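As you go down the protein sequences, you meet chains W and A in turn. The working numbering puts the first residue of the first sequence at 1, with every later residue one more than the last. The working numbering puts the first residue of the second sequence at 1, with every later residue one more than the last. Taking it in order: structure first as structure tokens, then the write-up.
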Amino acid sequence: MRPKLIVTFMLIVLAPMVLLLGFGYRIAQNEKKVVEQGFLNLLNDSLRDMDGSIAAFVQERERYLLEMQVPEAPETAALRDLVRKDRYIRQLFIMSPGGDRLHPPPGQPLSDAEEAFLERTDDIWTGKHRFFTTPDQPVPQDTYDTTSRSPLKRSQIKSDTASPNGWHIRYWQDGINLIFWRLEGTGNVIGLELDRIQFLSDLIGKLPDTQQLSKRTRTLFRLRNAAGEVVYQWGNYDPPDSAPANADLLLSPPLNAWQLEYFVPPQFADASQGGGTLLIFLAALGAVGLGVGWLAFYFYRESSREMREASQRVSFVNQVSHELKTPLTNIRMYAELLEAEVEEENTKAQHHISVVVSESRRLSRLIQNVLTFARSTEKRLTLNSSPGVIDEQIAEVIEQFRPALEEKHIEVCLHADAPAPVRFDRDLCGQILGNLIGNVEKYASGGGRLQINSLQKTKDGSNTTIIEILDRGPGIAAEEREKIFQPFYRISSKLSDGATGTGIGLAIARDLARRHGGDLVLLPETDGAAFRLTLETPPAQGEIT
Amino acid sequence: MKVLVAEDDPNIRKGLVEILEAEGFGTVSGATGGEALKLFSKEKPDFVCLDIMMPDVNGYEVCKSIRREDDQVPIIFISAKSEEIDKVLGLELGADDYIVKPFGVKEVVARIRAVARRCLASGRQREATGPFVLGDLEVLPAELRARRGNETFELSLRDVKILELLHRNSGKVVDRDALMDHCWGMNYLPSSRTVDQHISQLRKRIERDPPNPEIILTVHGVGYRYDPPGSAP
Numbered sequence: 001m002r003p004k005l006i007v008t009f010m011l012i013v014l015a016p017m018v019l020l021l022g023f024g025y026r027i028a029q030n031e032k033k034v035v036e037q038g039f040l041n042l043l044n045d046s047l048r049d050m051d052g053s054i055a056a057f058v059q060e061r062e063r064y065l066l067e068m069q070v071p072e073a074p075e076t077a078a079l080r081d082l083v084r085k086d087r088y089i090r091q092l093f094i095m096s097p098g099g100d101r102l103h104p105p106p107g108q109p110l111s112d113a114e115e116a117f118l119e120r121t122d123d124i125w126t127g128k129h130r131f132f133t134t135p136d137q138p139v140p141q142d143t144y145d146t147t148s149r150s151p152l153k154r155s156q157i158k159s160d161t162a163s164p165n166g167w168h169i170r171y172w173q174d175g176i177n178l179i180f181w182r183l184e185g186t187g188n189v190i191g192l193e194l195d196r197i198q199f200l201s202d203l204i205g206k207l208p209d210t211q212q213l214s215k216r217t218r219t220l221f222r223l224r225n226a227a228g229e230v231v232y233q234w235g236n237y238d239p240p241d242s243a244p245a246n247a248d249l250l251l252s253p254p255l256n257a258w259q260l261e262y263f264v265p266p267q268f269a270d271a272s273q274g275g276g277t278l279l280i281f282l283a284a285l286g287a288v289g290l291g292v293g294w295l296a297f298y299f300y301r302e303s304s305r306e307m308r309e310a311s312q313r314v315s316f317v318n319q320v321s322h323e324l325k326t327p328l329t330n331i332r333m334y335a336e337l338l339e340a341e342v343e344e345e346n347t348k349a350q351h352h353i354s355v356v357v358s359e360s361r362r363l364s365r366l367i368q369n370v371l372t373f374a375r376s377t378e379k380r381l382t383l384n385s386s387p388g389v390i391d392e393q394i395a396e397v398i399e400q401f402r403p404a405l406e407e408k409h410i411e412v413c414l415h416a417d418a419p420a421p422v423r424f425d426r427d428l429c430g431q432i433l434g435n436l437i438g439n440v441e442k443y444a445s446g447g448g449r450l451q452i453n454s455l456q457k458t459k460d461g462s463n464t465t466i467i468e469i470l471d472r473g474p475g476i477a478a479e480e481r482e483k484i485f486q487p488f489y490r491i492s493s494k495l496s497d498g499a500t501g502t503g504i505g506l507a508i509a510r511d512l513a514r515r516h517g518g519d520l521v522l523l524p525e526t527d528g529a530a531f532r533l534t535l536e537t538p539p540a541q542g543e544i545t
Numbered sequence: 001m002k003v004l005v006a007e008d009d010p011n012i013r014k015g016l017v018e019i020l021e022a023e024g025f026g027t028v029s030g031a032t033g034g035e036a037l038k039l040f041s042k043e044k045p046d047f048v049c050l051d052i053m054m055p056d057v058n059g060y061e062v063c064k065s066i067r068r069e070d071d072q073v074p075i076i077f078i079s080a081k082s083e084e085i086d087k088v089l090g091l092e093l094g095a096d097d098y099i100v101k102p103f104g105v106k107e108v109v110a111r112i113r114a115v116a117r118r119c120l121a122s123g124r125q126r127e128a129t130g131p132f133v134l135g136d137l138e139v140l141p142a143e144l145r146a147r148r149g150n151e152t153f154e155l156s157l158r159d160v161k162i163l164e165l166l167h168r169n170s171g172k173v174v175d176r177d178a179l180m181d182h183c184w185g186m187n188y189l190p191s192s193r194t195v196d197q198h199i200s201q202l203r204k205r206i207e208r209d210p211p212n213p214e215i216i217l218t219v220h221g222v223g224y225r226y227d228p229p230g231s232a233p
């Protein structure tokens with residue numbers, strides 16, 4: 001294959017593949033992102049579920065605190081008793097509508113815990129934080145309406161709705177400080193500080209137990225507080241220390257400074273990312289590549305068929321030169337050597353040899369004729385008819401082949417019925433017969449028999465001679481019946497391997513027959529091959545020489 | 001003189017060898033281009049006969065290779081390729097002649113003798129000796145010819161060797177063995193009959209009256225002799 005064709009071929013095959021590869025890669029990348037996003041959504045959903053559970057717990061606590069019976073402010077003892085008994089409450093305060101402290105009682109000795117409490121809530125007492133006690137005060141940021149979960153606006157407060165309440169959140173040294181406040185009918189604000197430890201413990205109690213998770217789902221939830229410390233974690237996967245969470249979520253208020261983290265093992269994360277698609281894609285690419293490659297190769301073959309046929313023609317001519325002229329050279333050379341060796345006195349032998357020599361010269365001329373014909377389509381063999389008897393011609397040709405036929409043990413049966421003198425081209429006829437008998441000798445010698453029949457017919461004023469040549473060889477398969485008349489075609493079978501020849505014998509024979517106004521056909525025959533040669537042979541009256 | 005024959009068809013090759021040896025040349029032969037090149041290097045022939053369509057290396061390539069080694073040695077192409085262009089190509093590559101198959105023996109002999117003359121004339125041959133005279137026949141070895149007056153006779157190399165041998169042994173008998181050794185060479189084992197036949201053929205060509213030879217006289221049972229004129233029979 002020429003380099004240019006190879007390059008073109010490669011381009012035809014590679015270009016679409018490269019394009020496909022490019023597209024495929026982009027698609028794969030997109031899909032990867034989609035899958036990643038889906039995976040992330042899955043994780044986030046899990047986190048939101050978990051957050052929902054936590055929020056539910058917080059709401060439950062809110063209800064409890066909202067419904068809690070709190071003694072009136074002056075009843076200090078009862079209030080202290082309440083603090084002591086209720087495990088959820090750490091401390092409480094009561095604030096007057098004017099913002100004054102009613103409990104812990106001012107001007108009275110306070111316990112250490114109460115002192116500490118006041119310290120923790122000093123922002124309330126120093127006026128830094130107010131619970132909408134005066135209209136002109138801006139509402140602090142960390143005050144929430146528990147129903148709407150949004151910062152309270154003064155305009156939202158209505159005296160006839162359910163009592164306003166909310167969370168006041170501060171971060172103290174030991175962690176989050178949750179104070180639930182509610183506005184009483186009296187106008188007092190009650191603030192209930194949750195016992196954090198109890199709160200956390202109750203919260204954790206509500207979260208799933210590690211043991212509850214099955215071995216299959218290897219995951220880890222982690223709850224971190226505002227300081228980044230792990231409050232609690234549950235799951236059966238142990239991520240490396242520095243590993244970032246696969247997903248995280250800030251909790252809903254009031255714990256919105258806390259976050260939930262979700263961990264999954266790496267292979268679980270990766271496996272969800274579309275490895276399967278890549279495989280399918282590569283397979284598709286391979287199939288397309290093969291398909292395009294085959295197509296390109298097929299078109300190349302078709303387009304180069306003409307070139308191949310042309311070069312076949314040229315090499316055929318060279319091959320014919322060699323094939324035909326080699327035996328001819330030998331015949332002539334050895335005949336002439338023989339001529340020199342036989343004594344001149346042996347006139348009979350000398351005559352025989354001279355026949356051989358002259359025939360070989362004649363054959364040379366014919367061959368040259370054929371080769372010229374093969375080389376150019378314009379030049380045509382002219383019909384060179386002369387009067388003669390077909391049967392005699394047949395006999396001559398048989399005689400020429402006798403040695404070869406005898407050597408291959410082929411019995412010749414001649415049924416000659418063409419004795420009328422007619423005009424025909426002896427060389428042409430001889431050549432056709434020579435080709436056909438030669439084929440029998442080459443390919444059908446196993447059958448041991450060559451049958452030749454001749455007859456003449458007159459039909460509608462035209463004289464036709466029919467010569468049939470039959471053998472008992474392997475015959476010709478149905479699919480080859482027409483192909484054998486094509487130039488260069490040779491039935492490739494073990495029998496013919498090793499026989500010299502160029503595959504043009506029958507092509508030429510048929511062509512010559514048609515020039516002679518007739519045809520050459522293969523008869524349907526089951527036992528060997530049977531050829532029928534028809535020649536147009538006008539009668540030659542009284543011209544026999 | 002030694003000739004290299006390169007031809008893949010065994011019959012043609014043997015036929016050519018026979019023709020050449022009948023002429024008196026020694027031969028070496030090969031069936032492929034590759035063999036031909038090896039033989040050329042090994043045997044250093046005096047001229048080369050090349051077929052063109054050979055397996056492995058073709059005749060053109062062999063010719064080119066030979067020409068690279070030796071631009072003087074005569075090369076004859078003998079080929080079935082008969083187109084004008086083939087002949088031109090052959091001659092362009094440096095061949096001295098181009099014989100087309102199928103050829104007649106006489107044609108080949110004439111061409112080969114022409115080439116051999118050129119070899120002898122170029123002074124490359126040990127065998128080339130100066131002209132000599134046998135009776136009224138002037139023998140010109142370098143030209144492979146003999147002359148009597150206006151008549152010219154073509155001679156083969158062997159013919160020349162035979163006449164040379166007789167001339168060198170003027171007046172003495174040259175027996176058949178000597179003739180065989182000198183004129184047929186060691187690779188060729190002729191029978192006595194071959195020698196006799198050849199002498200007979202030679203006489204037919206150069207003797208004025210072949211049945212009564214004057215130059216090549218028979219010595220029955222022994223061999224042949226040349227008697228210079230004036231010497232006692």
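Backbone N, C-alpha and C define an ideal beta-carbon position, used for all residues, glycine too. These figures come from a predicted structure and were not determined experimentally.
Could you check the C-alpha separation between residue i and residue j for me, to the nearest Å?
i        : j        : result
Leu5/W   : Asn58/A  : 28 Å
His182/A : Ile162/A : 8 Å
Ile54/W  : Met68/W  : 21 Å
Arg222/W : Phe180/W : 26 Å
Glu408/W : Ile215/A : The sequence as given places Lys at residue 408/W; Glu does not occur at that position. So the alpha carbons of these two residues sit roughly 53 Å apart.
Ser155/W : Pro239/W : Residue confidence is low: Ser155/W scores 43 on pLDDT, short of 50, so the model does not pin down where it sits. No coordinate-derived value is stated.
Gly22/W  : Pro16/W  : 10 Å
Gly26/A  : Leu39/A  : 14 Å
Ser376/W : Lys87/A  : Confidence is the limiting factor: at Ser376/W the pLDDT is only 49, short of 50, which leaves the residue's position unreliable and the question unanswerable from this model.
Asp112/W : Pro266/W : 51 Å
Phe297/W : Glu309/W : 18 Å
Leu120/A : Ala142/A : 5 Å
Asn236/W : Ala226/W : 24 Å
Arg566/W : Ala444/W : Lying before the first or after the last residue shown, residue 566/W is absent from chain W, which here runs from 1 to 545.
Just to confirm the assignment, what range does the beta strand (DSSP E) spanning residue i have?
i        : result
Ala116/W : Where Ala116/W is concerned, there is no enclosing beta strand (DSSP E), although the alpha helix (DSSP H) it sits in stretches over 112-120.
Ala55/W  : Note, Ala55/W: premise wrong, no beta strand (DSSP E); alpha helix (DSSP H) at 3-67.
Phe47/A  : 47-50
When the distance is taken between beta carbons, is residue j closer than 9 Å to residue i?
i        : j        : result
Lys101/A : Ala114/A : no
Arg148/A : Arg208/A : yes
Leu165/A : Gly24/A  : no
Gly503/W : Pro524/W : no
Tyr88/W  : Gln198/W : yes
Leu533/W : Asp519/W : yes
Thr219/W : Tyr171/W : no
Ala469/W : Leu436/W : Checking the sequence shown, residue 469/W turns out to be Ile, not Ala. Taking 9 Å as the Cβ cut-off, Ile469/W and Leu436/W qualify as a contacting pair.
Thr464/W : Leu405/W : no
If you compare alpha carbons, which of the options is closest to residue i?
i        : options                                : result
Ile467/W : Gln108/W, Ser454/W, Glu359/W, Gly446/W : Ser454/W
Leu255/W : Ala56/W, Ile12/W, Gly191/W             : Ala56/W
Gly228/W : Arg218/W, Leu203/W, Ala257/W, Ser201/W : Ala257/W
Arg472/W : Ser354/W, Glu480/W, Gly447/W, Ile484/W : Gly447/W
Lys206/W : Leu20/W, Asp51/W, Ala404/W             : Asp51/W
Glu479/W : Arg490/W, Ile197/W, Gln456/W           : Arg490/W
Leu42/W  : Leu249/W, Val320/W, Leu194/W           : Leu249/W
Thr8/W   : Gly293/W, Val412/W, Ala335/W           : Gly293/W
Glu115/W : Ile124/W, Pro104/W, Asp123/W           : Pro104/W
Apply the 10 Å Cβ neighbour rule to residue i and answer buried if 16 or more other Cβ atoms are within range, or exposed otherwise.
i        : result
Cys429/W : buried
Asn346/W : exposed
Ile544/W : Only weak support is given to the placement of Ile544/W: the predicted model assigns it a pLDDT of 47, under 50, and the value that follows is read from those uncertain coordinates. Exposed, by the Cβ-count rule.
Phe299/W : exposed
His168/W : buried
Thr152/A : exposed
Name the two residues that bound the continuous alpha helix (DSSP H) containing residue i.
i        : result
Val62/A  : 59-69
Pro10/A  : 10-23
Cys429/W : 426-443
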